[in-house]
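Protein chains in written order, with the working numbering: chain A, 18 to 133; chain B, 5 to 114.
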């Protein structure tokens with residue numbers, strides 16, 4: 018079974034530039050998550066989709082971050098404009114159904130973003 | 005107070021030792037709990053879910069203490085391959101609202 022795919026794996030940009038990340042979840046998974054993981058910290062949930070609807074985006078900095086999952090399958094996360102503090106690994110995860118009590122999240126390899 | 009707190013460590017233990025980590029959570033409405041393992045520069049992977057009655061998987065035992073609002077992970081007979089960061093995960097509000105702890109780093113020494 019194919020896992021969660023993410024691209025690009027690495028990205029280096031200058032501050033104030035824009036960047037976009039792509040995620041393709043495991044086939045059939047209804048729930049998709051985007052996390053930001055800063056070095057030495059745990060993943061921080063940015064946004065959670067159930068199919069193509071947003072379940073939780075309370076920690077998404079909406080002035081610069083946006084995410085969509087238009088057809089309920091793959092998703093893009095955009096940062097515009099980037100700041101130095103956005104340097105982190107951006108992880109995408111999916112689960113079969115995030116509304117059930119115990120559901121396993123499967124993570125992609127992440128995109129390592131460096132903002133100079 | 006952070007919603008989920010873990011001792012970052014590192015915990016340096018010899019092979020064969022038993023080691024335990026705790027994770028405290030602040031919201032009593034939390035519903036489901038997990039331990040994930042993350043190797044250096046890799047993505048997190050589920051180690052085990054934590055059920056109310058406690059559960060065991062080989063050398064690993066997870067416990068939930070609702071009264072004191074913490075979960076624990078016990079690793080017996082530590083192996084070199086257990087060296088990793090162990091992340092505590094708490095879900096609330098209809099099993100959503102996911103919060104990860106900062107992780108506890110374990111280093112098993114030969």
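Beta carbons are placed, not taken as given, at the ideal position from N, Cα and C, and that holds for glycine.
Please list, in chain order, all residues of the same chain as residue 20/A whose beta carbon is under 8 Å from its beta carbon, the five residues on each side excluded. Excluding residues within five positions, the ones whose Cβ falls inside 8 Å are 43, 123, 125.
Output yes or no for whether 8 Å exceeds the beta carbon distance between residue 59/A and residue 107/B. Less than 8 Å separates the beta-carbon of residue 59/A from that of residue 107/B.
Which listed residue (130/A, 128/A, 84/A, 120/A) has its alpha carbon closest to that of residue 35/B: Nearest Cα to residue 35/B within the set 130/A, 128/A, 84/A, 120/A: 120/A.
Taking 8 Å as the threshold (C-beta atoms), are residue 108/A and residue 52/A in contact? The answer is yes: Cβ separation under 8 Å.
Cα-Cα separation between residue 58/B and residue 92/B, rounded to whole angstroms: Across the structure, residue 58/B and residue 92/B are spaced so that their CA atoms are roughly 15 Å apart.
Which term fits residue 117/A, buried or exposed, when burial requires 16 or more other beta carbons within 10 angstroms of its beta carbon? Flag for residue 117/A reads exposed.
What number of angstroms, rounded off, separates the C-alpha of residue 60/B from the C-alpha of residue 100/A? One Cα belongs to residue 60/B, the other to residue 100/A, and the distance between them is close to 44 Å.
Which residues in chain B sit within 8 Å of residue 102/A, going by Cβ to Cβ distance? Those do not exist, as residue 102/A stays about 17 Å from chain B at its closest Cβ, beyond 8 Å.
With 16 as the cutoff for other CB atoms within 10 Å, does residue 69/B come out buried or exposed? Residue 69/B is exposed by the Cβ-count criterion.
Could you tell me the distance, in whole angstroms, from the CA atom of residue 96/B to the CA atom of residue 33/B? Approximately 6 Å, taken between the alpha carbons.
Express the C-alpha separation of residue 103/A and residue 77/A in angstroms, rounding to a whole number. Using only the alpha carbons, I get a separation of about 12 Å.
Helix, strand or coil at residue 32/B according to DSSP, with G and I counted as helix: In this structure, residue 32/B counts as coil in the three-state DSSP scheme.
Amino acids of chain A, ordered along the chain, whose beta-carbon sits closer than 7 Å to that of residue 36/B: Those within 7 Å of residue 36/B in chain A are 118, 119.
Could you pull out every residue in the same chain whose Cβ sits closer than 7 Å to the Cβ of residue 42/B, ignoring the five residues on either side in sequence? The answer, listed in chain order, is 48, 88, 89, 91, 107.
To the nearest angstrom, report how far apart residue 10/B and residue 70/A are at their CA atoms. Inter-residue distance for residue 10/B and residue 70/A is about 32 Å (C-alpha atoms, whole angstroms).
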